[in-house]
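Below is one structure, written out as structure tokens; comments come after it.
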Amino acid sequence: MKNIIKMSFRNLLRSGRRTILTASLITIGVMFVLVYAALSGSFKAYMVGQVTDSMLGHIQIHKKGYIASVDNLPLDKNLNEKQIDKITQLLDENRFIESYTFRLKLGSMFSNYVASTGIRLNGIDPKKESLTLPLFSSRLSGMDTASLKEGSILVPELIAKGMKVKKDDTIVLVATNEKGSVNGLNFKVAATIEPISGPGGRDGYIHIKDVKKLLRFKKLEVSEVVIRLKDVADLEKTMKLLKPLVMIKNQKNKSVFEIHTWKKLSPFYNIVKMLNIMDISIKIILISIVLISILNVMVMSVYERIKEIGTIAAMGTTPATITKLFLTEGLMLGVFGAIVGSVFSFIIVFIINSVGITFSFGRQDGLTLNPSLGLNEVFIVSVIVILISLIASISPARKAAKLNPVDALRQN
Amino acid sequence: MIINEHVTKVYHMGEVDLRVIKDLNLTIDYGEFIAIVGPSGSGKSTVLNIIGCLDKPTSGRVMIDGTDITLLNTTQLANFRGENIGFIFQSFNLIPVLNVYENIEYPLLMIQNLPQKERDERIMKLLKDVDMLDQKDKFPDQLSGGQRQRVAIARALVTNPKIIFADEPTANLDTKTSNQIITLMRNIQKEFNTTFIFATHDEKIVTAVDRIITLIDGVITNDKRVVS
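These protein sequences, in sequence, are chains A and B. In this text, residue positions in the first sequence follow the working numbering: the first is 14, and each later residue adds one. In this text, residue positions in the second sequence follow the working numbering: the first is 3, and each later residue adds one.
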């Protein structure tokens with residue numbers, strides 16, 4: 014085998030320019046795929062991280078029908094204490110779940126004593142909210158979610174700007190409960206919240222006890238349960254374990270609860286899906302590049318060397334050895350392209366990281382991409398390239414091996 | 003010993019059958035120095051291809067060293083050639099990417115798979131025999147025609163074949179070089195008792211051989227032993 018590799022290598026060097034051209038074509042293709050995968054991967058990871066870790070969590074549980082009318086923030090579709098107990102019981106025994114928190118959502122009037130506007134409010138348990146949504150604090154101007162006190166409000170930046178309120182200002186929130194009774198309470202602005210793309214990206218936050226006071230609820234009510242998993246990869250397994258909740262029916266034989274993953278709740282998931290399709294398309298383009306360029310080179314080198322093939326066949330080289338010679342030649346082109354392409358991709362990703370490329374998405378500016386090249390991605394792409402170069406060489410190699418030495422020797 | 007019994011070769015050219023060899027019966031002993039002569043199209047090369055195990059006859063038997071080569075498949079034929087037969091070509095057919103040493107080494111490495119030490123011994127001896135020792139690191143395109151044919155002869159000999167087939171080995175060489183090459187092959191034949199079978203027009207070869215087989219239209223018309 015060593016000798017076959019040596020011969021094939023020399024044959025590649027014989028038409029050095031052609032070899033370099035083909036190998037660089039493969040190299041560029043590999044580079045393109047890997048750098049794209051690294052960039053889109055980092056974009057996806059960043060956006061998904063933002064969406065799940067600062068807003069949606071990984072899974073949400075609501076009363077059946079809540080999501081369909083979520084824009085109205087209905088108060089008659091809240092979960093009562095009995096239902097909350099059932100959910101808590103099931104969540105506590107699920108080993109995939111890291112933490113969960115309750116939110117009580119409502120629509121309210123926000124007034125700075127001069128003007129007023131509508132605001133969507135989330136009543137939260139600050140400690141649990143900060144455990145379940147660890148990135149939420151990073152959207153706040155100079156405070157921690159956990160330190161949100163009763164009587165304070167986190168105001169979305171858009172409303173803060175429009176209503177000209179800043180930290181420590183006092184504002185009034187006015188809300189109507191489902192019985193039609195109106196109530197208003199004073200709140201101190203604790204911080205402003207950076208906006209984020211997606212539903213709930215422009216919500217305000219107050220303590221859940223304040224909501225109870227504002228709406229004059231006697232008992233605890235909850236609009237949504239937000240769940241954070243230890244590992245997002247366990248999303249499907251967790252959903253399976255939560256199935257019993259969906260099976261619970263009311264007297265009208267309809268489900269009481271509805272459970273959604275972040276994929277259903279965030280429009281960003283469609284962008285993720287599109288990026289994944291792009292990823293596959295680019296890989297298919299790479300496969301075609303490798304296939305066509307190697308097939309072309311190998312067909313040419315068989316035609317150029319017909320007489321030589323005849324000579325080595327006459328001397329007693331078996332058809333199997335001739336096949337191996339040409340397969341190795343194509344394989345080496347692929348291996349070379351894959352290795353050099355991967356090395357260059359690592360260098361490019363390193364450069365991107367040290368330069369620091371920023372991008373804007375929706376209303377968010379100056380997001381930094383931190384592309385990283387996974388070894389498994391490099392491995393998969395390399396295996397594809399090497400496999401395809403082998404496949405592309407099969408037909409020319411077989412043609413070479415099948416040549417009749419008498420006919421081949423007659424060629425000039 | 004090479005025995006051809008009732009060998010025929012027919013090529014199908016469209017609707018016409020071209021009977022290139024008609025009932026050839028020929029026996030050749032080891033150590034013979036033979037020329038097959040005849041005009042173009044007389045079937046010289048075809049005879050050489052058939053007894054050189056490159057081509058199979060349409061009918062008849064070809065026995066070499068007790069093996070009926072018409073019964074072997076492609077791979078067995080290739081192995082048989084690798085063990086028993088050497089070829090010298092009109093246009094030398096050296097492998098351009100290998101240097102002189104490596105060209106001679108090729109059959110030992112790729113076909114017979116001999117250990118390094120034995121390979122080196124054989125190649126160095128042959129390089130000395132064909133007087134190419136000082137050129138061993140050169141590539142074919144750096145050599146003259148005569149030098150290339152010497153390398154080709156060394157390559158044909160390195161596997162210790164019983165028979166060497168040479169199709170017009172001197173056609174691309176000048177008179178002086180041709181004579182040197184013929185002398186070289188003659189010396190090798192005497193030293194190793196190697197059978198040389200030429201297909202040629204070249205008078206210089208014809209006058210040097212021990213036996214002349216004349217072929218016309220696929221039939222042996224004359225089989226003459228020359229006492230030199």
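Just so you know, even glycine gets a beta-carbon here, dropped at the ideal spot from N, CA and C.
Which one of A:R23, A:S367, A:V245 and A:A326 has the shortest CA to CA distance from N101 of chain B? The shortest Cα separation from N101 of chain B among A:R23, A:S367, A:V245 and A:A326 belongs to A:R23.
Given a cut-off of 8 Å, decide if L117 of chain A and E234 of chain A are closer than it, judged by their beta-carbon atoms. Result yes, Cβ atoms of E234 of chain A and L117 of chain A sit closer than 8 Å.
Which bits of chain B does K320 of chain A rub up against, with CB to CB less than 8 Å? N95
Need the endpoints of the alpha helix (DSSP H) that N91 of chain A sits in, please. Looking at the DSSP string, N91 of chain A is not in any alpha helix (DSSP H), and its letter there is neither H nor E.
Beta-carbon separation of T40 of chain A and V353 of chain A under 8 Å? yes
Put I97 of chain B into one of helix, strand or coil per three-state DSSP. coil
Could you tell me which of B:L28, B:I155 and B:T29 sits nearest to D133 of chain B, measuring between CA atoms? With distances taken between Cα atoms, D133 of chain B lies closest to B:I155.
Note down, in chain order, every chain B residue with its Cβ under 7 Å from the Cβ of N24 of chain A. V99
Note down the Cα distance separating F281 of chain A from K19 of chain A, rounded to an integer number of angstroms. F281 of chain A and K19 of chain A: Cα-Cα distance of roughly 52 Å.
Nearest to R30 of chain A (by Cα), restricted to the options A:P147, A:A414, A:F359 and A:L346: Nearest C-alpha to R30 of chain A: A:L346.
By how many angstroms is the C-alpha of P384 of chain A removed from the C-alpha of T189 of chain A? 48 Å
Figure out for me which residue from A:E142, A:S355 and A:N16 has the closest Cα to the Cα of E107 of chain B. Of the candidates A:E142, A:S355 and A:N16, A:N16 places its Cα closest to the Cα of E107 of chain B.
Contact with chain A by N81 of chain B, beta-carbon distance below 8 Å: Judged by the 8 Å Cβ criterion, N81 of chain B is in contact with chain A.
Should V59 of chain B and K138 of chain B be called a contact, given that it needs their Cβ atoms to be closer than 8 Å? Looking at the sequence provided, one finds Pro at residue 59 of chain B rather than Val. No, the pair does not count as a contact, with Cβ atoms beyond the cut-off.
Since I401 of chain A and I300 of chain A are thought to touch, with beta carbons under 8 Å apart, how far apart are those beta carbons, to the nearest angstrom? Rounded, the Cβ-Cβ distance is 5 Å, consistent with contact.
List the endpoints of the continuous alpha helix (DSSP H) containing K250 of chain A. L248 to L254 is the extent of the alpha helix (DSSP H) around K250 of chain A.
Residues in its own chain within less than 6 Å of R227 of chain B by CB, not counting five upstream and five downstream? R213
Closest Cβ-Cβ distance between P109 of chain B and chain E: below 8 Å? Of the chains in the structure shown, none is chain E; the protein chains are A and B.
Buried or exposed (CB count within 10 angstroms, at least 16 for buried), L73 of chain B: exposed
Rounded separation between I97 of chain B and S367 of chain A - CA only: Computed Cα separation, rounded: 50 Å.
Would you mind listing the alpha helix (DSSP H) stretches within the stretch 23-79 of chain B that are 4+ residues and don't spill past its ends, in chain order? 46-53
Return yes when the Cβ of K164 of chain B is within less than 8 Å of the Cβ of Y32 of chain B, no when it is not. With contacts defined as CB atoms closer than 8 Å, Y32 of chain B and K164 of chain B qualify as a contacting pair.
So the alpha helix (DSSP H) G323 of chain A belongs to, where does it begin and stop? Unbroken alpha helix (DSSP H) run through G323 of chain A: I319 to A327.
For H14 of chain B, does the count of other Cβ atoms within 10 angstroms reach 16, so buried, or fall short, so exposed? exposed
Comparing C-alpha positions only, which one of A:A327, A:S150 and A:Y218 sits nearest to Q63 of chain A? A:S150
Using DSSP bridges, identify the partner residues of Y232 of chain B. Residue 232 of chain B lies beyond the range of chain B shown here (3 to 230); nothing can be said about it.
Counting only runs that start and end within the stretch 375-425 of chain A, where is the beta strand (DSSP E) found for 3 or more residues in a row? If we require 3 residues or more, the beta strand (DSSP E) runs fully inside the stretch 375-425 of chain A come out as 377-381.
Through-space distance from T209 of chain B to V229 of chain B, alpha-carbon basis: 11 Å
Interface positions of the stretch 35-55 of chain B facing chain A (Cβ-Cβ less than 7 Å), listed along the chain: N51
Taking 8 Å as the CB-CB cut-off, is D133 of chain B touching chain A? With 8 Å as the cut-off, D133 of chain B does not count as an interface residue toward chain A.
Residues in its own chain within less than 8 Å of L422 of chain A by CB, not counting five upstream and five downstream? Cβ within range, chain order: K320, G323, T324 and A327.
Which residues, taken in chain order from the stretch 332-347 of chain A, show a beta carbon closer than 8 Å to some beta carbon of chain B? Within the stretch 332-347 of chain A, the qualifying residues are P332, A333 and T334.
If you measure between the beta carbons of A246 of chain A and P332 of chain A, is that distance less than 8 Å? A distance of 8 Å or more separates the beta carbons of A246 of chain A and P332 of chain A.
F232 of chain B: first and last residue of the uninterrupted beta strand (DSSP E) it sits in: Within the shown structure, residues of chain B are numbered from 3 to 230, placing residue 232 of chain B beyond reach of any answer.
Separation of Q424 of chain A from R152 of chain B, as counted between CA atoms: CA-CA distance, R152 of chain B to Q424 of chain A, rounds to 22 Å.
Exposure of P117 of chain B, with buried meaning 16 or more beta-carbon neighbours within 10 Å: exposed
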